[in-house]
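Just so you know, we're using my numbering here: the sequence shown kicks off at 98 and counts up by one. The beta-carbon is built from N, C-alpha and C at its ideal position, and this holds for glycine as well.
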Amino acid sequence: MLKHILFAAAAIGALAAPVHAQTKMTVDADRLVETVRTLASDTFEGRAPGTRGEERTLGYLIARLEALGLEPAGPDGQWLQKVPLLHTKLQAPRTLDFATPGGTVAPKLAEDIYLSTIRPEDAARVANAPLVFVGYGVKAPERGWDDFKGADLKGKVAVFLINDPDFIAKPGEPAAGKFGDRTMTYYGRWTYKFEEAARQGAVAALIVHNAAGVGYGWNVVISPGGENYDIVRAPDALTSVRLQGWLSADMSARLFAAAGLDLAKLEVEARSPKFRPVELKGVTLHADIPVQPEVVTSHNVLGKITGSKRPDEVVMFGAHWDAYGEGKPDAQGRIYRAGANDDALGIAGLFEIARSLKSGPAPERSVVFGLWTAEERGLLGSEYYAANPVYPMERTVANLALDILQTAGAAKDVVLVGKGQNTLEDDMARVAATQGRTVTPESLPERGLFYRADHFSFAKRGVPVMLLMGIAGASDLRQGGVAAGQAWIDAYTGQCYHQACDAWGPDWKLDGAVQDIALTGIIGAELANSTRWPQWKPGSEFKAIRDKSGAPKE
């Protein structure tokens, strides 16, 4: 194993950012292992928010940050930011059926329909709510696209297709090339669909399941078992959607047919900007489902190095400390799903970046380290911070995130998540070249990984972001090439992702993780010692947000 590695990025011709002559980043692989083995140990009980495991985790993280010489960066000069979480769980329905012109259809939970709620009420009730098909449910004025056309959805059930209008568009169709082709934009994410349903005033939102479009099967859709989480919101900020979820492909086709509609034909029509919402005439949803709501208080951990010249300008690094807590015993009897890679290794990487930065002069800008809670519950810790920032979003230069790093060895490349979004990808290519590496775009951009990690909470507010995620694409490993990189992804995602076997093992080869941590640290250090502000590229759905924020544009 690598004991101690020093990476340095020197200025390279016209591509170089205006940085110090050389930016150095020291990463110690043995320290990474020490942190991971500690955080993934039974002592921390799987690091679930709101548990004894959280209490122990917080104490450990604060002690480590103090030992590194960081300052508290939370509200009122504290290490912690309280994150109140709403946890809901649906009980057995008292009523759940669709009225149709041909009679009542009673869908089976987890077989025909999956539902949850993020309203803090003891029952989720929907009465005689008409179903309206809204196509892909996209409202994107910058792309000349509006699937709603002013339709009144108040008190109705919005039914969506997953992904973007051009996801399966054929050449020559009106939607072709309007969004990201096979690369998902945020408009394609299920989270956007539910958010837009609420903005349109719908009382419920259902998505037609399509495994290719969402990137996983029905078994993954139903895996939360009716549970959901959200940050606690003020009464006037609650979503209008009382139930949100998915319809199986078979149930969807059945309901459309009951209204005299051909879903397959409508899917084609939805790939045109001329599409207008279509009511499923005579089809209404009736639901009365008991809910167990509770409020759980969790915490983000925030530390910083204060900038020497421009302390009000912030470069932020982030990783999430939470995992999945206790579960059923696996074949080896392990009950804690402790996320050694997801994301104890990311936390370990932040500690190494902080250690390296503290070993030299203070950066000119402040550097903040965000250790987020409740990522596994929907990016909620980072979302709460971004909605209640300690440091204004318009003064946050960039957010650089580590979430799952490959542990199969040194690589010839680094995997880029979110190609074409912002200028940080140009920094990635430049710094990777100093490591003897190239940049490879993520292999399955249609799965929308760019929108599925904590950096996205900042992107939504216009802050340029960069994510290092080992499962985004097969690394070209120095031993075994792309085939070996894909084999690692298949083994990790197929067996240990979110399971008890996501544990440290002596077979871990951290050379590649060290490369990625160092690359992230170098880019952040360069930004912290410059006056440069990364920018969103033309066509990004987040460019307009940043442009309106008042952030510098140089």
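Between the beta-carbon of R240 and the beta-carbon of F264, is there less than 9 Å?
The sequence position of residue 240 within the sequence shown is 143, counting from 1. The sequence position of residue 264 within the sequence shown is 167, counting from 1. Going by C-beta atoms, R240 is not nearer than 9 Å to F264.
Coil, strand or helix - E391 by DSSP:
Numbered from its first residue, the sequence shown carries residue 391 at position 294. Three-state DSSP puts E391 in a strand.
According to DSSP, is K290 part of a helix, a strand, or is it coil?
By 1-based counting over the sequence shown, the position of residue 290 is 193. Helix at K290.
So what's Q297 in DSSP terms, helix, strand or just coil?
For the purposes of this step, residue 297 is identified with residue 200 of the sequence shown, where counting begins at 1. In the structure shown, Q297 sits in coil (DSSP, three-state: anything other than H, G, I, E or B).
Under the three-state reduction of DSSP, which class applies to S369: helix, strand or coil?
Sequence index remark: in the sequence shown, residue 369 carries index 272 (1-based). Note: S369 maps to coil in three-state DSSP.
Where does P332 sit, in a helix, a strand or coil, going by DSSP?
Counting from 1 along the sequence shown, the entry for residue 332 is found at position 235. Helix at P332.
Where do the ends of the beta strand (DSSP E) carrying W630 lie?
To locate residue 630, count along the sequence shown from 1; it is residue 533. Careful: W630 lies outside any beta strand (DSSP E) and carries neither H nor E.
Please list, in chain order, all residues of the same chain as P115 whose beta carbon is under 6 Å from its beta carbon, the five residues on each side excluded.
Position 18 of the sequence shown holds residue 115. Note on P115: pLDDT 37, under 50, position unreliable in the model; the coordinate value appears next. Result list for P115: S627, in chain order.
What are the uninterrupted segments assigned as alpha helix (DSSP H) that are 4 or more residues long and contained completely in the region 392–431, given in chain order?
none
Can you list, in chain order, the residues of its chain with a C-beta nearer than 7 Å to that of T336? Leave out the 5 residues immediately preceding and following it.
Translated into the one-based positions of the sequence shown, residue 336 becomes position 239. Contacts found: I215, R216 and A295.
If you run the structure through DSSP and keep just helix, strand and coil, what is T531?
On the sequence shown, residue 531 is found 434 positions in, with the first residue counted as 1. Residue state, collapsed to three classes: helix.
Out of S369, T123 and L382, which one is the CA nearest neighbour of A266?
The residue you call residue 266 lines up with position 169 of the sequence shown. Measuring from the Cα of A266, the nearest candidate turns out to be S369.
Report buried or exposed for R191, applying the criterion of at least 16 other Cβ atoms within 10 angstroms of its Cβ.
Mapped onto the sequence shown, residue 191 falls at position 94. Classification for R191: exposed.
Helix, strand or coil for N519, going by three-state DSSP, please let me know.
Your numbering for residue 519 matches position 422 in the sequence shown. It is a strand residue.
Alpha carbon of D249 to alpha carbon of A471, nearest angstrom:
To locate residue 249, count along the sequence shown from 1; it is residue 152. To locate residue 471, count along the sequence shown from 1; it is residue 374. Roughly 35 Å separates the two Cα atoms.
Between the C-alpha atoms of L258 and S349, what's the straight-line distance to the nearest angstrom?
Taking the sequence shown and counting its residues from 1, one reaches residue 258 at position 161. Taking the sequence shown and counting its residues from 1, one reaches residue 349 at position 252. Cα-Cα distance, rounded: 10 Å.
For G110, I'd like the list of residues in its chain whose CB is within less than 8 Å of its CB, leaving aside the five on either flank, ordered along the chain.
Here residue 110 corresponds to residue number 13 of the sequence shown, with the count starting at 1. Confidence at G110 is low in this model, with a pLDDT of 29, below 50, so its placement is unreliable and no value can be given for it.
Residue span of the beta strand (DSSP E) that contains N307, given as start and end:
For the purposes of this step, residue 307 is taken as residue 210 along the sequence shown, with counting starting at 1. Per DSSP, N307 belongs to no beta strand (DSSP E) and is neither H nor E.
When the distance is taken between beta carbons, is L442 closer than 9 Å to L497?
Here residue 497 refers to the residue found at position 400 when the sequence shown is read from its first residue. Here residue 442 refers to the residue found at position 345 when the sequence shown is read from its first residue. Their beta carbons are not under 9 Å apart, which means L497 does not touch L442 by this criterion.
Kindly confirm or deny that the region 404–417 and the region 191–201 touch, where touching means at least three C-beta pairs closer than 8 Å.
no
What's the gap between the Cα of G285 and the Cα of D261?
Here residue 285 is taken as the residue at index 188 of the sequence shown, counted from 1. Here residue 261 is taken as the residue at index 164 of the sequence shown, counted from 1. For G285 and D261, the distance between alpha carbons rounds to 4 Å.
Would R389 be called buried (16 or more neighbouring beta carbons within 10 Å of its own) or exposed?
Mapped onto the sequence shown, residue 389 falls at position 292. Checking the sequence shown, residue 389 turns out to be Gln, not Arg. Result: exposed.
Kindly identify the DSSP beta-bridge partner or partners of T381.
Taking the first residue of the sequence shown as position 1, residue 381 is located at position 284. Answer is A196 and P227, bridged to T381.
Leaving aside the five residues before and after V380 along the sequence, list all residues of the same chain whose C-beta is less than 8 Å from its C-beta, in chain order.
Taking the first residue of the sequence shown as 1, we reach residue 380 at position 283. Same-chain partners within the cutoff: F195, A196, T197, P198, P227, L228, L352, A355 and A356.
Check each candidate in P387, L541 and V329 and name the one with the smallest Cα separation from Y313.
Sequence index remark: in the sequence shown, residue 313 carries index 216 (1-based). Looking at the Cα atoms, L541 is the closest of the given residues.
Length of the line joining the Cα atoms of Y594 and I444
Along the sequence shown, read from residue 1 onward, the residue named residue 594 stands at position 497. Along the sequence shown, read from residue 1 onward, the residue named residue 444 stands at position 347. Their Cα atoms are separated by approximately 17 Å.
Do A529 and V511 have their C-beta atoms closer together than 9 Å?
Residue 529 sits at position 432 when you count from the first residue of the sequence shown. Residue 511 sits at position 414 when you count from the first residue of the sequence shown. Yes, these two residues count as a Cβ contact at 9 Å.
Would you mind sorting S572 into buried or exposed? The rule is 16 or more other CB atoms within 10 Å of its CB.
Against the sequence shown, residue 572 aligns to sequence position 475. By the 10 Å Cβ count, S572 comes out buried.
Are the Cβ atoms of W343 and I304 separated by less than 9 Å?
Within the sequence shown, the letter at position 246 stands for residue 343. Within the sequence shown, the letter at position 207 stands for residue 304. Yes, the Cβ-Cβ distance between W343 and I304 is below 9 Å.
For P238, name the three-state secondary structure that DSSP assigns.
Residue mapping note: residue 238 aligns to position 141 of the sequence shown, counting from 1. Note: P238 maps to helix in three-state DSSP.
Whole angstroms are fine: how far does the CA of P489 sit from the CA of G647?
Against the sequence shown, residue 647 aligns to sequence position 550. Against the sequence shown, residue 489 aligns to sequence position 392. Between G647 and P489, the C-alpha separation is close to 11 Å.
So, for Y157: in the same chain, excluding its five sequence neighbours on each side, which residues have a beta-carbon less than 8 Å away from its beta-carbon?
For the purposes of this step, residue 157 is taken as the residue at position 60 of the sequence shown. Around Y157: T135, L136 and F141.
Does DSSP put A346 in a helix, in a strand, or in coil?
As a position in the sequence shown, residue 346 is number 249, starting the count at 1. In this structure, A346 counts as helix in the three-state DSSP scheme.
Tell me which residues share the same chain as A622 and place their Cβ nearer than 6 Å to its Cβ, disregarding the 5 neighbours each side in the sequence.
Against the sequence shown, residue 622 aligns to sequence position 525. So the qualifying residues of the chain are T120.
Please report the distance separating the alpha-carbon of F448 from that of K650.
Here residue 448 corresponds to residue number 351 of the sequence shown, with the count starting at 1. Here residue 650 corresponds to residue number 553 of the sequence shown, with the count starting at 1. Approximately 31 Å between the Cα atoms of the pair.
Using three-state DSSP, classify S463 as helix, strand or coil.
One-based indexing of the sequence shown puts residue 463 at position 366. Strand.
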